[in-house]
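Asks: One structure follows; several queries about it will come next.
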Amino acid sequence: MQHPETRLALHHARAADLRAQASAHRLTTEARQPYDIRTRLGWTLIEVGLRLTAPRPVLNA
1 MQHPETRLAL
11 HHARAADLRA
21 QASAHRLTTE
31 ARQPYDIRTR
41 LGWTLIEVGL
51 RLTAPRPVLN
61 A
């Protein structure tokens, strides 16, 4: 059985570790912003191309 102060100290250490990981992830994500814009543009172009090549539905009027 763990002592409450020991458990609290472990909790604080784990929380600090998670904050550091989140900060590192955030910095990495922010560094990739220009690539993210190109990726979104590329997927948009693919979507437009797929819509242009899809057969048009036949309307029975």
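Start counting the sequence shown at 1; every next residue gets the next number (the numbering used here). Ideal Cβ placement from N, Cα and C applies to all residues, glycine included. No experiment lies behind these values; they were computed from the predicted model shown.
#1: Go ahead and pull the three-state DSSP assignment for L59.
#2: Between R51 and D36, what straight-line distance do the alpha-carbon atoms span, to the nearest angstrom?
#3: Considering just the uninterrupted stretch of the alpha helix (DSSP H) at A16, what are its terminal residues?
Replies: According to the structure shown:
#1: coil
#2: Put simply, the backbone Cα of R51 is about 23 Å away from that of D36.
#3: It spans P4 to A31 - the alpha helix (DSSP H) in which A16 sits, taken as one unbroken run.
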